[in-house]
Structure formats: structure tokens, C-alpha cells
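S.K.:
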Amino acid sequence: MENVLFLVKLLAGGAAVAIVLLVLFFIFIFIRAEWHSRKLSAKKGFKKLKLPMHFVLYGCLALWILALFYFFPLGGFSSWGLWFVFRGHKRMALFGKPSKGKSLTRERMEALRKENGRVKEAAPMTLQERKEKNKRHRQVFLNRLAKR
């Protein structure tokens with residue numbers, strides 16, 4: 030009977046530790062997301078906690094790694110979670126900018142637009158047309174400045 034009670038206590042304690050560590054892990058993900066989106070600054074740190082950002086960030090990560098060894102049933106999830114934090118965020122646009130493929134050059138973009146018929150060959154502007162266009166653009170710019 031004592032062995033069963035001990036096992037129940039052990040499982041309950043392990044589950045409590047697992048829940049706490051899961052919360053820490055998601056705090057870690059949140060901090061990393063905020064840090065990457067530049068809403069929080071590593072230099073400012075958490076004003077409420079009076080701790081620098083990297084201390085909190087890597088503290089959560091260290092606790093999660095300890096959980097990997099302490100509470101084995103979560104091992105699979107924790108290793109997936111670590112993969113997601115360090116690799117998956119490059120594929121998903123969760124933390125700031127997603128990874129970009131090869132960008133098209135301006136010449137290639139213009140060629141594609143011409144092929145698709147989006148760009149019409151424009152006749153060169155006369156001096157009078159250019160002055161009128163510049164005047165319109167200047168007026169738009171001044172209107173925007175006035176609104177500020």
C-alpha cells in the first residue's frame with residue numbers, strides 16, 4: 030500500500046513539475062517571439078523583474094533541458110519543442126521575418142510584368158508633362174506633411 034501511495038505521489042509531483050516546465054517553455058517561446066519582433070529589447074531587459082533579457086531567455090531554456098532529463102515521458106515533446114524554437118521558427122513566420130528564398134532582380138521582375146501584359150510601353154514624357162507630374166507629386170507630399 031505504501032508503494033502505491035509513493036508511486037501516486039511521485040506521478041503527481043512529476044506531473045506538477047511537467048506543468049510548471051511547460052509553462053516556462055511557453056514563456057520562453059513568448060520571450061523569443063517578442064525579442065525577435067523587437068517589441069522588447071535585450072538591453073532594456075524586463076523592468077518588472079530587473080533581469081536582463083538573455084538571463085530570462087536562457088534560464089527558461091536551461092530549465093527545459095533539465096526537464097528533458099528529469100521527466101522522461103516528456104522527452105519526445107521537449108526535443109520537438111527545442112527543434113521548433115531553433116529551427117521551426119525559420120520556416121514559420123511566428124518569430125519575426127520568415128526566411129526568404131531567392132529574390133527576383135528588378136530586371137527579371139520587369140521582364141515578367143511585360144510578359145504578363147501588365148506594363149505598357151510608355152512614350153517618353155515631354156518637358157511640360159514632366160513638370161505637371163512633378164507639381165502633382167509635390168502637392169501630394171505637401172498635403173501629407175500638413176496632416177502630420
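Numbering (the numbering used here), first residue to last: 30 to 177. Ideal Cβ positions, reconstructed from N, Cα and C, are used throughout, including at glycine. Fair warning: this is a prediction, and the values are worked out from it, not measured in the lab.
Which of the three DSSP states, helix, strand or coil, is assigned to residue 138?
M.R.: For the purposes of this step, residue 138 is taken as the residue at position 109 of the sequence shown. Reduced to three states, the DSSP call for residue 138 is helix.
S.K.: If we count the other Cβ atoms within 10 Å of its Cβ and call it buried at 16 or more, is residue 54 buried or exposed?
M.R.: Here residue 54 refers to the residue found at position 25 when the sequence shown is read from its first residue. So residue 54 counts as buried.
S.K.: Could you tell me the distance, in whole angstroms, from the CA atom of residue 145 to the CA atom of residue 138?
M.R.: Along the sequence shown, read from residue 1 onward, the residue named residue 145 stands at position 116. Along the sequence shown, read from residue 1 onward, the residue named residue 138 stands at position 109. Cα to Cα, residue 145 sits roughly 11 Å from residue 138.
S.K.: Helix, strand or coil: how does DSSP classify residue 173 here?
M.R.: Position 144 of the sequence shown, counting from 1, holds the residue named residue 173. Three-state DSSP puts residue 173 in a helix.
S.K.: What's the C-alpha gap between residue 165 and residue 155?
M.R.: Here residue 165 refers to the residue found at position 136 when the sequence shown is read from its first residue. Here residue 155 refers to the residue found at position 126 when the sequence shown is read from its first residue. Roughly 16 Å separates the two Cα atoms.
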